[in-house]
Each structure stands twice: as structure tokens, then as C-alpha cells.
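Enquirer: The listed protein sequences derive, respectively, from chains A and B. For what it's worth, my numbering labels the leading residue of the first sequence as 1, then goes sequentially. For what it's worth, my numbering labels the leading residue of the second sequence as 1, then goes sequentially. Where is the CB? At the ideal position from N, CA and C, for every residue including glycine.
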Amino acid sequence: MRSAVAWRLLRHDRSATAGALLGVVAIVFLVGQQLSILFGLLQYMSVLVDHSGADVWITSATIRNVDAVNLIPGQYLERVMGLPEVAWAEPILLGNGLMRTADDSFEAVRLVGLRRPRLQGGPWALAQGRAQALLDLEGAAVDRLDLKKFAQPALGSITEINGVRVRLAAVTEGARAFQGTLVFLPLDKVRDMIQAPPGRYAAILVGLQPGMDQAASMARLRALLPECSVLTTAELSRRTQLYYLTSTGIGGSFGFSTTIAVLIGIVIITLTMYASVLQRTRDFAVMRALGGRRRDIAILVLCQAVIIAGIGIFLGLFFLAALLNATRGSDIPSFLPSLVPPLLAGITLLVSLLGSLVALRKALQADPASVFH
Amino acid sequence: MADLRLENIARDFSDGRQLRRVLFPTNLTFQPGELTVLAGPSGSGKTTLLSIIGLVLRPSEGRMWLAGQEVTGLADDVAAKMRLATYGFVFQQPMLIDGLNIQDNILLAVGIQGARIPGALRRRVGELLATLGLEDTARLQPQMISGGMKQRVSIARALIKDPAIILCDEPTSALDAENGQVVMGILKRIAVAEQRLVVVVSHDARVFPFADRLIKMENGTVVADTGAAAPAGQEEAL
Numbered sequence: 001m002r003s004a005v006a007w008r009l010l011r012h013d014r015s016a017t018a019g020a021l022l023g024v025v026a027i028v029f030l031v032g033q034q035l036s037i038l039f040g041l042l043q044y045m046s047v048l049v050d051h052s053g054a055d056v057w058i059t060s061a062t063i064r065n066v067d068a069v070n071l072i073p074g075q076y077l078e079r080v081m082g083l084p085e086v087a088w089a090e091p092i093l094l095g096n097g098l099m100r101t102a103d104d105s106f107e108a109v110r111l112v113g114l115r116r117p118r119l120q121g122g123p124w125a126l127a128q129g130r131a132q133a134l135l136d137l138e139g140a141a142v143d144r145l146d147l148k149k150f151a152q153p154a155l156g157s158i159t160e161i162n163g164v165r166v167r168l169a170a171v172t173e174g175a176r177a178f179q180g181t182l183v184f185l186p187l188d189k190v191r192d193m194i195q196a197p198p199g200r201y202a203a204i205l206v207g208l209q210p211g212m213d214q215a216a217s218m219a220r221l222r223a224l225l226p227e228c229s230v231l232t233t234a235e236l237s238r239r240t241q242l243y244y245l246t247s248t249g250i251g252g253s254f255g256f257s258t259t260i261a262v263l264i265g266i267v268i269i270t271l272t273m274y275a276s277v278l279q280r281t282r283d284f285a286v287m288r289a290l291g292g293r294r295r296d297i298a299i300l301v302l303c304q305a306v307i308i309a310g311i312g313i314f315l316g317l318f319f320l321a322a323l324l325n326a327t328r329g330s331d332i333p334s335f336l337p338s339l340v341p342p343l344l345a346g347i348t349l350l351v352s353l354l355g356s357l358v359a360l361r362k363a364l365q366a367d368p369a370s371v372f373h
Numbered sequence: 001m002a003d004l005r006l007e008n009i010a011r012d013f014s015d016g017r018q019l020r021r022v023l024f025p026t027n028l029t030f031q032p033g034e035l036t037v038l039a040g041p042s043g044s045g046k047t048t049l050l051s052i053i054g055l056v057l058r059p060s061e062g063r064m065w066l067a068g069q070e071v072t073g074l075a076d077d078v079a080a081k082m083r084l085a086t087y088g089f090v091f092q093q094p095m096l097i098d099g100l101n102i103q104d105n106i107l108l109a110v111g112i113q114g115a116r117i118p119g120a121l122r123r124r125v126g127e128l129l130a131t132l133g134l135e136d137t138a139r140l141q142p143q144m145i146s147g148g149m150k151q152r153v154s155i156a157r158a159l160i161k162d163p164a165i166i167l168c169d170e171p172t173s174a175l176d177a178e179n180g181q182v183v184m185g186i187l188k189r190i191a192v193a194e195q196r197l198v199v200v201v202s203h204d205a206r207v208f209p210f211a212d213r214l215i216k217m218e219n220g221t222v223v224a225d226t227g228a229a230a231p232a233g234q235e236e237a238l
């Protein structure tokens, strides 16, 4: 009966209910949208690592992120390949360059050199062309969303990076990085472009034999290469994301805006529910006089908060899903891990209950004796 | 059947600086089967007395028994439970809750503590409404019926749980003469025919003819009581 009464009172007090709903929707939508951009940027930060297909990354010692690696000697490659748990090992070369655009301007790019024929760490999804196009020494691949930067070059068109001739051989999908525009190239071509010494690499990607104990394999690799950083793909990904989150102020900025969104939501919920309870003070006093206990009034108010939260969460997630759907494939970074919506719903429910506490306090003050005056 | 006995019941109110006595020590006994009217001018203490009898206000002094059980200093929840089980209230204003239809307003008096409402009780709502001349109003919202009808709905709300005691605070003050007579007639029938203890607070002389017992109050004291059982020292013919 109490939950039914709570629902009917909410339906009757439409403006107050709409206000409180707005608060909940604001929390879910604004926080969800902020988080989707944050996770989208996090994906950008570690996109190369996450899509490398490797189990282990070997880089120069004490690295802070995947973009700040010193070159390591190529003989480590042979050493690693000697271990029975290693299925394959491939070098990768990273560097910076200036790419001539189709309108004769220049654009800064992040070069990713891949060794042929395996092209490990290279494009994982293509919008145009084929990955094998990078087997061509002059072949280069850029992302679909970055074509505008390069003044929309046609597939097969010739251009240059750091004065070295390349041909746009493929267009990638979803290969965008936080640190710059990614261009995938054959490893030797990148070496020419950045003037890297022969036989040295930015990192060695390692694939372990299926069924191997990863912890034991990591221990053996670390013992074999004590002068290097030997990290699992997940470790390097986390380290890179954490570095950019803490060193660029992105984490603080998103944390601040998310906190503001939550606070605004709490204030809206608190004020509207309080106003609603104020209007109902006499009714709560009547309920108390009729035999309602304080806990019955509390259950009624909390039921209202839960109903508002439930509807608001549903609407907020619906609008958020619509936004994410609309921006999918655009150049707005957005990604929401599957764990986030239920977590967001749970937090919003807690925030809604928190916002109803002031109203609850007022409702519990309703004096049954006041109905006799 | 519940009888109600008050022994030296008094009540003080504080305005923050000093205590003010609004009800002086009062001894009264109420019996089922009679309609008692508490009369007196504004500020005479009749509503305070009704609130104490109704367990919504604690006395500052004295003791009170209901059906032989002392109910003077009951904990909040126990008092609420007793109100739910034993009392029916009719307030000065009908105090129906907007947003709940007539049926839900009546059933609230049973379900406020979360009890499931059996189908038989829903049927009883219909019967009560018919008895009170309110057929076909169960699904209406309170704002769709007149003031007199609302007050009759509040009587139905008081009766739905079949309470032993019915307390009414100026039930006719918001009604015209005709509706006031109808409401008092209903209350009289409930008291006498159904052997309930009915106490009505009113300063409206038109309700006095319905009283089996008339208690007159002034300045926080019972100055007259037609009831034969009134304690010595407070009894006075009106």
C-alpha cells in the first residue's frame, strides 16, 4: 500500500516529480557523457598497446608510457626467441614526422613502423584497402577520421613524410591516438624517416605459446632482459593511461566536471523533493494521526526517491545510449565499458537517496497533533 | 468494548520562555454506546483533551487507561499501532489526500503500516460509501466532490477499520447546516447502534441535541458534565 501511495502522490505532484526526475536524468546523462569521453580518450591513449595482439611488450628500462621509449638493441629479439614459451617476437619502431597534405600543407603525425611480413602491431581494422598493402615498402595507412586533416587524399595517392616518399595504401578504422595522428608504415621506411640507427627498435612485441603460465613466462623474460622493461600488454596499457591521466590534468578535469554534475543533480533532487514534502506536510501529519509510524513515512518518502531514481536512471541511460549511438564513428571520442552503466545506476540511486534525506527529515517532523488544530 | 478513563490528566505548553497550562487536571470516563460532545469556546482546552485521548499528544501529568490498559506514556510506535487498531478520526477539515482517490483515501487508514488490503475490505469501502450516500464515488479524486461529501468520506475512513473509539474534531464546522445534521446523525447512529465510543469536539450548539453526554470546558477546565459517571467536584448540571 505504501509504495502504491508513493507512486500515486508522485503522479499527482507532477511538477515536483518532473524536477526531481530532471536531477536524476542530469546526473546519469552528464556523468555518463563525461565518462564516455574519458574512456574514449583512455582508449586513444593506449590504442596501439591494446590492439597490438601481443602478450608482452619489451621496451627500454623504467618507461612511463608507450610513447616515451628509448631504442633497444635488436639482439634482444634473438634472445627472446630462444625461450620455449615464446611463440613469436616482432619489433616495432615509433617516431614523429611531418606529413605533406593533399593541399600542400603539413600535418604532424605519429609514425608506427611494422616489420614485414607479419606487420604485428599494425592496423587491426580497415575502412579502405588491405593490410597487405603495407607489405609494399612505400605503403602507408592513416585513419578514416584523419583524412580530413590530410585534405582528403585519395587511396593510392603519393605524398611524403619527413621528405620520404609514401603512398596511401590503406585507410584504417578506429586507429586514433591521444598523442597524435597515427600513420602505419613498413618498419624500414620509418627508420629512414626518423634516422634511427640500424638494428635498434622502440619495442619488441612478444606472443606467448598458448597455455603458458604468464606469470612464470614474465619472470623468465625479466630475468633474461634485466636492463629492459618487460610488461604485459595490460600493464603497459594501464601505465600509459595513468601517465596521461595524471600528467596532463585530464583526470582532474574530468573528475571535477563529473563531481559538479553529481552535485548539481543532488541539489536539484534535494530542492525538488524538499519542496514536494513541504507541500505534503499536512498529509504526512494526517497519515501519522491515522496510525502511521515514523518508519512508514520514511518508507513512503524513500519509495518516492527510489521510483524517481528508477525512472530517471532509465531515461538518463536511454538518452545516453542515443547520444553514444549518434556519435559512434564520429571524431568525438566516446566509449562506455559495459560495467559503467550498472555502476552509474547504482551510484545515482545512492545519490537520489542522499538527496531525499533533507526531505525525509522534514517529513518525519510532521506532527500528528497538528491535524487537530 | 473499550472504555476510556482519564485520571488527573493535564497538559502544559511552552512558548520557549515559560510554561503555560492549557489543560488543568481532569478526571473523566467515557463509555461505549454514547456520543459525547466536548463543548466550549476557542482556547478552552477541548482540542488538547481530544488529542490526548487520541494518543497523538502526551499529557504533562496524569494517567489514562483504555479498556483497562494504561496508555499514558506509550512509545511513539506503540501509540501509532494503537491508533491504527482502536481509533477512528474525523478532523475539522476532511483532510483527504490529494492524488489518492476516495477508495485509497479510506483504505489508507488500514494500510498505512504496510498491511495488505484484502478484497473484502475493498468491498466494505463500497458498502460504507453506499451507507453514507456516496455511491459511485470510490474512483473519484477528492477535489471532484463537495465539502459535505468529503466529510462523509472522512467518516468512512474512520469507520473502515471498525474502531472501538471515534474521535471527531469540529466535524460540522466546515459544513452547511443540512450537511452538518446529516454527519451528526451518522455519528449518533454509529455510537448508539454500533456501541462505539464517540467523542465530538464542537462549539456549534446545533450538535448538542445529538449528544448523549455534554461536557463543557472553559479555560482548560471541565466546568460542566451531564454524564452521571463524572468524578465528584467536576460535575455540574448544564
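Isoleucine 257 of chain B and glycine 88 of chain B: beta carbons closer than 9 Å?
Expert: The structure shown does not extend to residue 257 of chain B, since chain B is modelled only from 1 to 238, so the question has no answer here.
Enquirer: Excluding the 5 residues preceding and the 5 following arginine 118 of chain A in the sequence, name in chain order all residues of the same chain whose CB lies nearer than 6 Å to its CB.
Expert: On the first sequence, position 118 is the one that residue 118 of chain A refers to. If we look at arginine 118 of chain A and ignore the five residues flanking it on each side, its Cβ neighbours are Glu90.
Enquirer: The alpha helix (DSSP H) that contains threonine 131 of chain B, what's its start and end?
Expert: In the second sequence, residue 131 of chain B corresponds to position 131, counting from 1. 119-131 is the span of the alpha helix (DSSP H), which, as asked, contains threonine 131 of chain B.
Enquirer: Establish whether the CB of arginine 83 of chain B and some CB of chain A are separated by less than 9 Å.
Expert: Within the second sequence, residue 83 of chain B is the residue found at index 83, counting from 1. Yes - at least one Cβ of chain A is within 9 Å of the one on arginine 83 of chain B.
Enquirer: Quick one: which residues of the stretch 199-224 of chain B get their C-beta closer than 9 Å to a C-beta of chain A? List them in chain order.
Expert: Listed by position, the residues of the stretch 199-224 of chain B near chain A (Cβ gap below 9 Å) are Val201.
Enquirer: So, at 7 Å on beta carbons, what are the nonlocal neighbours of glycine 233 of chain B in its own chain, with the 5 sequence-adjacent residues on each side left out?
Expert: Reading the second sequence from its first residue, position 233 is the one you call residue 233 of chain B. Any reading at glycine 233 of chain B must be qualified, since the residue scores a pLDDT of 42, below 50, and its modelled position is unreliable; no value is offered.
Enquirer: Using a C-beta to C-beta distance shorter than 8 Å, which residues of chain B count as neighbours of valine 392 of chain A?
Expert: Nothing can be reported for residue 392 of chain A: it is not among the residues displayed for chain A, which extend from 1 to 373.
Enquirer: Can you list, in chain order, the residues of its chain with a C-beta nearer than 6 Å to that of glutamate 235 of chain B? Leave out the 5 residues immediately preceding and following it.
Expert: Counted from its first residue, the second sequence places residue 235 of chain B at position 235. The pLDDT assigned to glutamate 235 of chain B is 41, lower than 50, so where the model puts this residue is not dependable, and the model offers no usable value.
Enquirer: Have a look at the DSSP bridge pairing and note the partners of valine 109 of chain A.
Expert: For the purposes of this step, residue 109 of chain A is identified with residue 109 of the first sequence, where counting begins at 1. Answer is A:Gly97 and A:Thr181, bridged to valine 109 of chain A.
Enquirer: So is glycine 114 of chain B in contact with chain A if we call contact Cβ pairs under 9 Å?
Expert: Taking the second sequence and counting its residues from 1, one reaches residue 114 of chain B at position 114. Chain A contact via Cβ: present.
Enquirer: Measuring only between beta-carbons, confirm whether glycine 292 of chain A sits less than 9 Å from chain B.
Expert: As a position in the first sequence, residue 292 of chain A is number 292, starting the count at 1. Chain B, which has a Cβ nearer than 9 Å to the Cβ of glycine 292 of chain A, makes this yes.
Enquirer: Mind checking who tyrosine 201 of chain A pairs with in its DSSP beta bridge?
Expert: As a position in the first sequence, residue 201 of chain A is number 201, starting the count at 1. Beta-bridge pairing links tyrosine 201 of chain A to A:Ile72.
Enquirer: Does arginine 361 of chain A have its Cβ less than 9 Å from a Cβ in chain B?
Expert: Locating residue 361 of chain A in the first sequence gives position 361, where the first residue counts as 1. No - not a single Cβ of chain B is within 9 Å of the one on arginine 361 of chain A.
Enquirer: Pick from A:Arg176, A:Glu138 and A:Phe150: whose alpha carbon is nearest that of arginine 165 of chain A?
Expert: Numbered from its first residue, the first sequence carries residue 165 of chain A at position 165. Closest option to arginine 165 of chain A, Cα to Cα, is A:Glu138.
Enquirer: Listed from N- to C-terminal order along the chain, which residues in the stretch 180-192 of chain B have their beta-carbon within a distance smaller than 7 Å of any beta-carbon of chain A?
Expert: The residues in question: there are none.
Enquirer: For a minimum of 4 consecutive residues, which ranges assigned as the alpha helix (DSSP H) are wholly contained in the stretch 193-273 of chain A?
Expert: Here the runs fully enclosed are 214-224 and 233-247.
Enquirer: List in chain order: all unbroken beta strand (DSSP E) runs of 3+ residues lying wholly within the stretch 27-87 of chain B.
Expert: Runs found: 34-39 and 61-66.
Enquirer: Could you tell me which residues DSSP pairs with proline 375 of chain A in its beta bridges?
Expert: Since the first residue shown for chain A is 1 and the last is 373, residue 375 of chain A is missing from the structure and cannot be characterised.
Enquirer: Count the other C-beta atoms from every protein chain shown that fall within 10 angstroms of the C-beta of alanine 363 of chain A, then say buried if there are 16 or more, exposed otherwise.
Expert: Here residue 363 of chain A refers to the residue found at position 363 of the first sequence. With 16 or more Cβ atoms within 10 Å of its Cβ, alanine 363 of chain A is classed as buried.
Enquirer: Since I believe threonine 29 of chain B is in contact with aspartate 212 of chain B (beta carbons under 8 Å), could you give me their beta-carbon distance rounded to a whole number of angstroms?
Expert: Here residue 212 of chain B refers to the residue found at position 212 when the second sequence is read from its first residue. Here residue 29 of chain B refers to the residue found at position 29 when the second sequence is read from its first residue. In fact, because the Cβ distance is near 14 Å, the residues do not count as touching under 8 Å.
Enquirer: Just checking: is the beta-carbon of alanine 156 of chain B within a distance shorter than 9 Å of some beta-carbon in chain A?
Expert: One-based indexing of the second sequence puts residue 156 of chain B at position 156. No - not a single Cβ of chain A is within 9 Å of the one on alanine 156 of chain B.
Enquirer: Quick check on the DSSP output: the beta strand (DSSP E) that includes leucine 168 of chain A runs from which residue to which?
Expert: Indexing the first sequence from 1 puts residue 168 of chain A at position 168. Run containing leucine 168 of chain A: 164-172, per the beta strand (DSSP E) assignment.
Enquirer: Relative to chain B, which residues along the stretch 9-21 of chain A have a C-beta separation below 9 Å, given in chain order?
Expert: Answer set for the stretch 9-21 of chain A: Leu9, Leu10, Arg11, His12 and Asp13.
Enquirer: Quick check: what's the CA-CA separation for aspartate 103 of chain A versus valine 340 of chain A?
Expert: In the first sequence, the residue the question calls residue 103 of chain A occupies position 103. In the first sequence, the residue the question calls residue 340 of chain A occupies position 340. Distance between the alpha carbons of aspartate 103 of chain A and valine 340 of chain A: 43 Å.
Enquirer: Leaving out five residues on either side along the sequence, give the residues of the same chain with a beta carbon under 7 Å from the beta carbon of glycine 135 of chain B.
Expert: Residue numbering aside, residue 135 of chain B sits at position 135 when the second sequence is read from its first letter. Residue identity check: residue 135 of chain B is glutamate in the sequence provided, not glycine. Cβ within range, chain order: Leu129.
Enquirer: State yes or no: is the beta carbon of alanine 237 of chain B nearer than 9 Å to at least one beta carbon in chain A?
Expert: Along the second sequence, read from residue 1 onward, the residue named residue 237 of chain B stands at position 237. With a pLDDT of 40 at alanine 237 of chain B, under the threshold of 50, the predicted position of this residue should be treated as unreliable, and no value is reported.
Enquirer: Would you list, in sequence order, the uninterrupted alpha helix (DSSP H) runs of no fewer than 4 residues that lie entirely inside the stretch 140-170 of chain B?
Expert: DSSP runs (the alpha helix (DSSP H)) wholly in the stretch 140-170 of chain B: 147-159.
Enquirer: At the 9 Å Cβ level, is valine 5 of chain A part of the contact set with chain B, yes or no?
Expert: Taking the first sequence and counting its residues from 1, the one referred to as residue 5 of chain A is at position 5. Yes - at least one Cβ of chain B is within 9 Å of the one on valine 5 of chain A.
Enquirer: Count the other CB atoms within 10 Å of the CB of serine 42 of chain B; is the residue buried (16 or more) or exposed (fewer)?
Expert: Here the question's residue 42 of chain B lines up with position 42 in the second sequence. By the 10 Å Cβ count, serine 42 of chain B comes out exposed.
Enquirer: Is the distance from the Cβ of isoleucine 58 of chain A to the Cβ of isoleucine 204 of chain A below 9 Å?
Expert: Taking the first residue of the first sequence as 1, we reach residue 58 of chain A at position 58. Taking the first residue of the first sequence as 1, we reach residue 204 of chain A at position 204. Yes; because the gap between Cβ atoms is below 9 Å, this pair is in contact.
Enquirer: If you run the structure through DSSP and keep just helix, strand and coil, what is arginine 196 of chain B?
Expert: One-based indexing of the second sequence puts residue 196 of chain B at position 196. Arginine 196 of chain B falls in the coil class under three-state DSSP.
Enquirer: Taking 9 Å as the CB-CB limit, is arginine 282 of chain A close to chain B?
Expert: For the purposes of this step, residue 282 of chain A is taken as residue 282 along the first sequence, with counting starting at 1. True, the Cβ-Cβ gap to chain B drops below 9 Å.
Enquirer: Which residue or residues does DSSP assign as beta-bridge partners of threonine 221 of chain B?
Expert: Start at 1 with the first residue of the second sequence, and residue 221 of chain B comes out as number 221. In the DSSP output, where bridge partners are listed per residue, threonine 221 of chain B has B:Glu218.
Enquirer: Tell me whether valine 90 of chain B sits in a helix, a strand or coil according to DSSP, three-state version.
Expert: As a working note, residue 90 of chain B is residue 90 in the second sequence. Three-state result, valine 90 of chain B: strand.
Enquirer: Does arginine 176 of chain A have its Cβ less than 9 Å from a Cβ in chain B?
Expert: Taking the first residue of the first sequence as 1, we reach residue 176 of chain A at position 176. It does not: the Cβ of arginine 176 of chain A has no partner Cβ on chain B nearer than 9 Å.
Enquirer: Which value, in whole angstroms, describes the spacing of the CA atoms of methionine 287 of chain A and glutamine 241 of chain A?
Expert: Taking the first sequence and counting its residues from 1, one reaches residue 287 of chain A at position 287. Taking the first sequence and counting its residues from 1, one reaches residue 241 of chain A at position 241. Approximately 55 Å, taken between the alpha carbons.
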